[in-house]
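There are 2 protein chains.
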Amino acid sequence: MPVVGLTIAEAAETLGLTSDTLRYYEKDGLLLRPVSRTSSGHRRYDEDDVRWIVLVTRLRATGMPIRDVRRYADLVRAGDGNELQRLELLQAHREQVLQQLAEVTSHLGAIDHKIGIYEDRLRRLEISA
Amino acid sequence: MPVVGLTIAEAAETLGLTSDTLRYYEKDGLLLRPVSRTSSGHRRYDEDDVRWIVLVTRLRATGMPIRDVRRYADLVRAGDGNELQRLELLQAHREQVLQQLAEVTSHLGAIDHKIGIYEDRLRRLEISA
DNA sequence: GTCACCCCTGAAGTGCGCTCCAGGTCAACC
DNA sequence: GGTTGACCTGGAGCGCACTTCAGGGGTGAC
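Chains as they are written, first to last, in the numbering used here: chain U, -9 to 119; chain R, -9 to 119.
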């Protein structure tokens, strides 16, 4: 029996997640298929598993809700023929992310301005001290 | 008795929040002082209140946790003498936001790449159809 | 063979940030 | 003076995304 793939702890380490999160994602339908198991029932993550979960973490890290990641996984799992739906889902997400980036950037500008004011005030206090 | 300031509903409308959220922020110590009241106990938001809450929404919209907003409000409420602490809090937040922006942007790049692949695939299907 | 360690499951718990609810007050309008 | 509607309070409830727990294997090192 060849040793193939990563244990859950190794996969978690590789992906920057916890083992608990990996089990949770699997149970919640975010993976394309159940992760394969050793004879004793322990999970083994192969390259495809890891590649897919990297995508999942990217979607999550850009703010896609779990339920949308699951919808995307459902589409991919369904196989060929729904590429347009997948594309639309990703494009909609992209628009959301861009809007979010613009909003955060603009708010950050205002906060930066406030930081500048404090810096000035403190510089002046320093000089007059 | 002059009519001064906005009702909670008006303030909520102006700020893009709900009345419930405004009450919650006040109860949770995010405001600099209790909002003033009419003789019948209804809140009235003046310009200073609104200005402060705009800042709160900016901090929140850039991902600052409620508890940190409260810490910042505590510092401002304490008055002069802690400008350095306020500055440090804002600067730390700024760094977090920049890091977050960079991370999201990078993940978005990978997602864009995937979108490009689907677009190509669909274009080819269209042509061959 | 026993100890330590990693893994398994289903289910309950947690932290965050609101959001909703019940029951009540008040002012204005018909 | 009755009804409407905006507001009040304390407290419960909710959705999300995990995280922890209880109870139970399997396996390799000594």
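All residues carry an ideal CB built from backbone N, CA and C; glycine is no exception.
Residues near residue i in its chain [Cβ-Cβ closer than 6 Å; skip 5 each side]
i	result
D36/R	G(-5)
Nearest residue (CA-CA) to residue i, options the options
i	options	result
G69/R	S96/R, H32/R and L22/R	L22/R
A(-1)/U	G19/U, K17/U, S29/U and V40/U	V40/U
H103/R	L45/U, D38/U and H97/U	L45/U
D58/R	T(-3)/R, I107/R, S118/R and Y15/R	Y15/R
G31/R	M54/R, T(-3)/R, D38/R and E3/R	T(-3)/R
M54/R	E3/R, H97/R and E85/R	E85/R
Pair within 9 Å by beta-carbon distance, residue i and residue j
i	j	result
V13/U	R27/U	As written in the sequence, residue 13/U is Arg, which differs from the Val given in the question. It is not a contact, given that the beta carbons lie outside the stated cut-off.
T52/R	H83/R	yes
I101/R	L77/U	no
L5/R	I43/R	yes
V94/R	Q90/U	yes
D18/U	R60/U	yes
L20/U	A63/U	yes
Closer than 8 Å: residue i CB and nearest the ligand GTP heavy atom
i	result
A68/R	The ligand content of the structure shown is nil, which means the ligand GTP is not present either.
Own chain, CB closer than 7 Å to residue i, minus 5 neighbours either side, in chain order
i	result
E116/R	none
A1/R	L12, Y35 and V40
G99/R	none
Helix, strand or coil at residue i according to DSSP, with G and I counted as helix
i	result
R61/U	helix
L5/R	helix
T20/R	This sequence places Leu at residue 20/R; Thr is not what is there. Here L20/R sits in coil by DSSP.
P(-8)/U	Unreliable placement is indicated for P(-8)/U, whose pLDDT of 46 sits below 50; no coordinate value is reported for it.
S118/U	helix
S30/U	coil
Cut-off 8 Å between Cβ atoms - residues of its own chain near residue i, not counting five sequence neighbours on either side
i	result
I56/R	D18, L20 and R50
R67/U	L22 and R23
L65/U	N72, Q75, R76 and L79
Within the chosen definition, does the stretch 62 to 80 of chain U reach the stretch 110 to 118 of chain R through at least 3 CB pairs nearer than 8 Å? Output reads yes: the stretch 110 to 118 of chain R touches the stretch 62 to 80 of chain U.
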